[in-house]
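Enquirer: In this note's numbering, each number is its position in the sequence shown, counted from 1, plus 8.
Positions of the beta carbon are idealized from the N, C-alpha and C atoms, including for glycine.
Structure incoming, see below.
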Amino acid sequence: MDLQSEMVRSGMAVAYLRYSRRYENEQNEAKKQRLGCGLENF
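Here's what the structure looks like:
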């Protein structure tokens, strides 16, 4: 299990895309589902 992936997917963390695109898909999925708080600002 990848904890970071689950956190980004659930909107509890953001992917720092400047240095890695590893969690970009998870972050996009969280944005589509409007999960977490403030993801639209990233």
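Does the Cβ-Cβ distance between SER13 and LEU43 come in under 7 Å?
Expert: No, Cβ-Cβ distance for SER13 and LEU43 is not below 7 Å.
Enquirer: Can you tell me which of LEU11, TYR27 and MET15 puts its alpha carbon nearest to the alpha carbon of GLU37?
Expert: When each option's Cα is compared against that of GLU37, the closest is MET15.
Enquirer: If you draw a straight line from the C-alpha of ASP10 to the C-alpha of ALA21, how long is it?
Expert: Those two C-alpha atoms are separated by around 13 Å.
Enquirer: Between GLU32 and the rest of its own chain, which residues show a CB-CB distance below 8 Å, the 5 nearest in sequence each way excluded?
Expert: The answer, listed in chain order, is ALA23 and LEU25.
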